Amino acid sequence: MTDIVAKRDAGREENEELLRDIKRPKTDKDPSETMEGSDSRSVLSEFKMSKVLSESAREKTMFIHGKLVDQDAVVILEKPPITEDTLTELFSGSTLALDMKNDIYSTYRLQPPPHLNEMKVTVVCPASEKHLKKYQRQESYLVEETAEDYSSITLPYIESQSFSLQWVYNILEKKAEAERIVYEDPDPDVGFVLLPDFKWNQKQVDDLYLIAIVHQKGIRSIRGLTAEHLPLLKNVFQKGKEAIMKKYELPASKLRVYLHYQPSYYHLHVHFNMLGYEALGCGVERAHLLGDVIQNLQSNPDYYKSHTLSFPLRAEDGLLTKFREAGKI
Ligand code: GTA
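First residue of the sequence shown? That's 1 in UniProt numbering, and the numbers climb one at a time after it.
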């Protein structure tokens, strides 16, 4: 925890680096041509908002579509949790205005010093149509996918439509986020890179979120797993938990370790969350505990090749259209 607090300034720099990176997308029209040399604040001042895609008062997040220079972009604003180490300064260094008082109850508006009032900003630029749909609020529908549905509907769809994995390869090849790596096992068969998920600001362990990205290429999701991958999965499970214990002093009993089905990115990766933190996508309809996946493969080497798997799909997901066209829902 102390380690996390000590890294606050480093985290701030990482955020700025992320924003600087969007000025250099590899596209025909590069925003860096007009924005080179500007700092992270001016990057956002270039953002021309067109629509709020979704928002959540509970999560304190807002997903906004707009243009950065001439490119579609999604900006995600998120108010981070309050951390205990800031409380003394928050109480002594803020101004307070009374809203109402009634008997023993009173409410106030607090204006903290600017550095205690930061927001987390994520920028996706250039954002594809698929990104816009991903961040748009939509109804969800549960799909039951048989092994046959996987081969005839899902696999052809994900082969033609998936998000780019460039960010994953950048991490594995140390071209991006190398300084954020918490642990690496470089073995090409059972190795992986463990690092903070970009949804986690690393300021408090209450919402700890890391991902382990396997070095082995070609395993798209749990559907691609067989008993031959048990050494890989056990290695990620064991060494991932050990690395988190060492760095964040969180025992395995405080972790939720799982894979998504369907994932957004079809290169095998494992999510590590703090148990009490209700991360998006940790519900039973989408998350498969790594411990259960290992046991299922131990009792049936082809479990994920043969079983029906359920998962939610959002209204505008092209895969849902394919399932509808096939008369499956
Ligand atoms: N370190 O560049 C990256 C990076 N990218 C592009 C994705 N991830 C990254 N991590 C690092 N660097 O947990 C992370 C994602 C995710 C994991 C991929 O990789 O944060 P997945 O393939 O199972 O896909 O996991 P998943 O979970 O659907 O993707 P994602 O992006 O988490 O979206 C799920 C929902 O979470 C979204 O629909 C949205 O509602 C919400 N969300 C997404 N991003 C944010 C954000 N920055 N802040 C708040 N909420 C977000």
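Just so you know, even glycine gets a beta-carbon here, dropped at the ideal spot from N, CA and C. Since the model is a prediction, treat every value here as computed from it, not as a measurement.
Inspect the beta-carbon positions of residue i and residue j and report whether they are closer than 8 Å.
i: Leu155; j: Ile213; result: no
i: Gly240; j: Val270; result: yes
i: Val168; j: His65; result: no
i: Leu232; j: Lys254; result: no
i: Pro80; j: Lys203; result: yes
i: Pro114; j: Gly93; result: no
i: Pro58; j: Tyr150; result: Here residue 58 is Arg; the residue named in the question, Pro, does not match the sequence. Contact flag unset, no.
i: Phe272; j: Ile294; result: no
i: Lys60; j: Glu78; result: yes
i: Ser299; j: Tyr261; result: no
i: Leu132; j: Val74; result: yes
i: Cys282; j: Tyr304; result: no
i: Leu116; j: Thr86; result: yes
What's the C-alpha gap between residue i and residue j?
i: Asp317; j: Lys246; result: 40 Å
i: Val123; j: Ser56; result: 18 Å
i: Ser152; j: Glu278; result: 34 Å
i: Phe237; j: Leu290; result: 7 Å
i: Glu228; j: Ser306; result: 15 Å
i: Leu53; j: Phe63; result: 5 Å
i: Gly191; j: Pro301; result: 21 Å
i: Ser140; j: Leu225; result: 26 Å
i: Ala315; j: Leu280; result: 17 Å
i: Glu249; j: Arg256; result: 15 Å
i: Val143; j: Leu309; result: 8 Å
i: Ala50; j: Cys125; result: The question names Ala, but residue 50 in the sequence shown is Ser. Cα to Cα, Ser50 sits roughly 14 Å from Cys125.
i: Asp292; j: Leu230; result: 12 Å
i: Lys130; j: Leu313; result: 13 Å
i: Ala127; j: Ile211; result: 22 Å
i: Leu90; j: Lys175; result: 38 Å
i: Gln216; j: Asp187; result: 9 Å
i: Glu148; j: Glu325; result: 15 Å
i: Leu68; j: Asp99; result: 38 Å
i: Arg12; j: Thr321; result: Low per-residue confidence applies at Arg12: pLDDT is 41, beneath 50, and the placement is therefore not dependable, though the value from the model is reported in the following sentence. Between Arg12 and Thr321, the C-alpha separation is close to 41 Å.
i: Ser162; j: Gly218; result: 14 Å
i: Asn296; j: Ser45; result: 51 Å
i: Ala252; j: Ile181; result: 19 Å
i: Asp189; j: Lys328; result: 37 Å
i: Gln71; j: Leu165; result: 20 Å
i: Ser32; j: Lys48; result: Residue placement at Ser32 is flagged as unreliable, the pLDDT there being 33, under the threshold of 50; a coordinate-derived value is accordingly withheld.
i: Leu319; j: Glu242; result: 37 Å
i: Glu118; j: Asn201; result: 11 Å
i: Gln138; j: Asp103; result: 43 Å
i: Glu179; j: Tyr157; result: 35 Å
i: His288; j: Thr88; result: 40 Å
Report the three-state DSSP secondary structure of residue i (helix, strand or coil).
i: Asp207; result: helix
i: Val75; result: strand
i: Glu46; result: coil
i: Phe192; result: strand
i: Thr321; result: helix
i: Ala315; result: coil
i: Ile64; result: strand
i: Leu297; result: helix
i: Glu59; result: coil
i: Ala212; result: strand
i: Ser310; result: strand
i: Lys51; result: strand
i: Ala326; result: coil
i: Arg220; result: coil
i: Lys305; result: helix
i: Lys26; result: A caution first: Lys26 carries a pLDDT of 42, below 50, which makes its placement in the model unreliable, though a value can still be read off. Reduced to three states, the DSSP call for Lys26 is coil.
Contact check, residue i vs residue j under 8 Å by CB: the rounded distance?
i: Phe323; j: Arg286; result: Not a contact, Cβ separation roughly 16 Å.
i: Tyr183; j: Leu194; result: 4 Å
i: Val121; j: Ile76; result: 7 Å
i: Leu96; j: Tyr108; result: 5 Å
i: Asp197; j: Asn235; result: That belief does not hold up - the Cβ atoms of Asp197 and Asn235 are roughly 20 Å apart, past 8 Å.
i: Ser264; j: Lys134; result: 7 Å
What beta strand (DSSP E) runs, 3 residues minimum, are completely inside the segment 231-295?
255-260, 269-274, 287-289
Ranges of the beta strand (DSSP E) found wholly within the segment 122-187, counting only runs of at least 3:
140-145, 183-185
Curious, which full-length alpha helix (DSSP H) runs of at least 4 residues does the segment 84-125 contain?
87-93
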